[in-house]
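First up is the structure itself, then whatever we jot down about it.
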Amino acid sequence: MDIKVLSADSFARFDLTRVPSPCFVVDKVAMERNLSILADVADQSGAQVLLALKAFSMFALAPLVDKYLSGTCASGLYEARLGRDKFAGLVSTYCAGFKAADLDEIIALSDHLTFNTPSQYRRFAGQVQAARDAGQRVSMGLRINPEHSEGWTEKYDPAAPCSRLGTPISQITDADLEGVDGLHMHTLCEQGFAPLKRTWDAIEDRLAARLPDMKWLNLGGGHHITTPDYDRAGLIALMRDIQEKYGVQVYLEPGEACALHAGILVGEILDVAENDMPLAITDISATCHMPDVIEAPYRPDLLGETEAGTTTRIGGPSCLAGDVIGDYTTARPFKHGQRIAFLDQAHYSMVKTNTFNGVPLPAIALWNSDTDDLQMIREFDYDDFLERLS
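Okay, here's the thing in structure tokens:
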């Protein structure tokens with residue numbers, strides 16, 4: 095089952111004029127397809143799978159997420175609030191640097207609290223103990239850096255040289271783990287099972303003597319579990335082996351895998367021009383609506399691309415010269431007023447939007463590709479822009 099092909103075929107049937115422009119449209123059917131795969135992995139392995147809110151935080155779908163997953167993982171106070179207020183299940187919170195003023199509330203919201211370094215864990219030990227004495231049952235963890243790199247680009251590689259994420263495994267002492275219930279590692283980005291297995295093979299001997307004293311091991315996110323070529327059998331076998339050998343509960347925190355190929359970003363062609371090649375201006379902005387296009391960088395697929403035809407450079411409406419989405423070939427040249435859609439935009443794009451240059455935020459809609467039911471979840475206006483300013 096190629097979910098990329100399924101998604102493109104489904105959205106090819108969607109009438110892009112049914113929603114305002116720009117607008118994120120998320121397919122509930124595609125979301126459930128991904129979530130059911132993750133639930134099956136959890137059932138077969140005994141591991142628990144959490145939704146990474148940093149990648150997908152559309153709480154309108156919380157009831158669906160709650161049906162399949164064991165909870166959420168958060169990157170700080172606001173996401174921890176979101177996980178507790180809108181979703182069910184466990185809330186696991188990790189941040190590279192916690193603020194003392196936030197920590198009491200984070201502890202109250204979280205089932206797992208993972209520190210980035212032993213020094214920060216020790217700094218807040220009294221605060222944590224006071225919360226426990228008051229009856230809260232937060233479980234404490236430490237993020238480790240396996241010092242084994244599998245990243246395909248340094249910008250998204252938590253194990254890159256001089257990384258600030260996690261404590262290098264070579265530096266961790268037994269004293270650093272006193273009072274620690276679990277270990278957390280996140281080293282992957284949009285990757286298959288083989289890089290995880292190589293990472294585990296590189297560090298297992300270093301952890302073997304320490305894991306029996308732990309309650310849990312969190313293998314983080316970046317796992318492309320819902321892609322058709324992912325070795326799910328290998329992942330299941332590895333997690334079962336870890337749990338049986340060391341007596342720990344294994345957790346996974348996929349984000350992208352939950353919403354992979356489950357949404358589009360609909361836009362409209364505002365103008366066409368020529369400057370050594372055809373140009374099209376759209377109300378979708380790379381810098382405002384799809385910042386990973388510039389930051390990664392990467393080129394999102396366009397619904398209806400063809401191998402032959404007219405190649406046009408599509409850019410956004412902002413004044414940033416680099417607000418360019420990419421060059422796209424279509425059977426016919428773009429026209430003013432034409433609707434377009436970029437594929438696979440449910441994850442990360444939606445949570446990273448901003449209003450630079452006063453560019454409006456995209457609306458959000460929920461679609462059911464089986465029934466064709468469409469629900470407008472939210473539309474944004476000037477007040478949303480104004481309230482972020484002073």
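Residue numbers (the numbering used here): 95 to 484.
Where a beta carbon is used, it is the ideal one built from N, C-alpha and C, also for glycine.
Taking C-alpha positions only, S101 is separated from Q223 by approximately 48 Å. G245 is not a Cβ neighbour of H278, given a cutoff of 9 Å. CA-to-CA, the gap between A269 and Y340 works out to about 20 Å. DSSP assignment within the stretch 330-354 yields the following whole alpha helix (DSSP H) runs of 4 residues or more, N-terminal first: 350-353.
In the DSSP assignment, Y162 is bridged to no other residue. Assignment of beta-bridge partners to M384 by DSSP yields no partner.
Secondary structure within the stretch 241-292: the beta strand (DSSP E) runs of 3 or more consecutive residues, fully enclosed, are 276-278 (chain order). Under the criterion of beta carbons closer than 8 Å, A353 and H441 qualify as touching, at roughly 4 Å. The closest CA to that of Y172, considering only V159, F218, L197, M125, is found on L197. For K148 and L207, the gap between their C-alpha atoms comes out near 16 Å. Look at E401 here: in three-state DSSP terms it is coil, with no helix or strand label. Here the alpha carbons of A124 and D467 stand approximately 14 Å from one another. Setting aside the 5 residues that flank it on each side, P252 is surrounded in the same chain by L259, H280, T281, each with a C-beta closer than 6 Å to its C-beta; the list follows chain order.
C167 sits buried, since 16 or more C-beta atoms from the chains shown fall within 10 Å of its C-beta. At a Cβ-Cβ threshold of 9 Å, G349 and A146 count as neighbours.
Short of 7 Å from the beta carbon of P289, and not among the five residues preceding or following it, lie these beta carbons of its own chain, in chain order: E244, L282. Short of 8 Å from the beta carbon of P372, and not among the five residues preceding or following it, lie these beta carbons of its own chain, in chain order: V366, T404, T405, T406, R407, P427, F428. Per DSSP, A440 has no beta-bridge partner at all. Straight-line spacing of the CA atoms in D395 and E368 works out to 22 Å. Here the alpha carbons of P306 and I336 stand approximately 10 Å from one another. A straight line joining the alpha-carbon of D205 with that of L184 spans about 6 Å. With respect to L359, Q439 sits close: the two C-beta atoms are nearer than 9 Å. Between the alpha carbons of T381 and A154 lies a gap of roughly 25 Å. Within its own chain, the residues whose Cβ lies closer than 7 Å to the Cβ of R472, once the five positions on either side in sequence are excluded, are A457, I458, listed in chain order.
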